[in-house]
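Numbering (this note's numbering), first residue to last: 183 to 346. The structure under discussion appears below in the form of structure tokens.
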């Protein structure tokens with residue numbers, strides 16, 4: 183959960199029933215939220231570098247944003263050269279053992295109220311990979327502000343029955 187300034191993680195696999203997001207993890211939540219509102223990406227970084235490359239034989243423009251004085255690691259945005267659509271983000275989170283990369287690939291773009299939106303995300307990290315597939319998206323749906331409030335702590339998982 184991220185409300186634009188603060189973030190929390192609650193779930194059965196969390197290190198505690200409710201964990202506030204701090205430091206680099208909070209910055210990661212901020213970056214991922216910016217993707218939903220692309221106009222904010224430009225203002226989020228002070229310095230930009232631009233290059234080209236290829237993903238699956240498709241030419242991409244690589245745009246790297248950084249804030250050198252912030253201590254945050256750069257973020258790479260990969261845009262399809264033909265369509266201009268965002269196809270990948272690679273970001274790093276600084277951890278006690280060094281930078282930890284996360285790659286998010288976007289696919290299956292469809293028109294939603296005149297805007298192309300990805301219906302598939304594949305998130306790859308050093309310890310896992312997951313794919314999110316959406317069936318539908320709606321534009322401009324009112325969302326109650328309480329949905330972004332600090333969540334309740336997650337219930338502890340129930341112990342499993344002993345094997346017989």
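Each residue gets a CB set at the ideal place from its N, CA and C atoms; glycine is no exception.
Span of the beta strand (DSSP E), counted from its first residue to its last, around residue 275: 268–277 is the span of the beta strand (DSSP E), which, as asked, contains residue 275.
Local Cβ density within 10 Å of residue 213, reported as buried at 16 or more and exposed below that: buried
Between the CA atoms of residue 310 and residue 225 - distance to the nearest angstrom: 31 angstroms
Contained alpha helix (DSSP H) runs [length at least 4] in the segment 288–328, N- to C-terminal order: none
Residue span of the beta strand (DSSP E) that contains residue 265, given as start and end: Segment: none, residue 265 is in no beta strand (DSSP E) and carries neither H nor E.
Where residue 334 falls: helix, strand or coil (DSSP): Coil, per DSSP.
Residue 224 (DSSP reduced to helix, strand or coil): helix
Inter-residue Cα distance where the pair is residue 250 and residue 231: 13 angstroms
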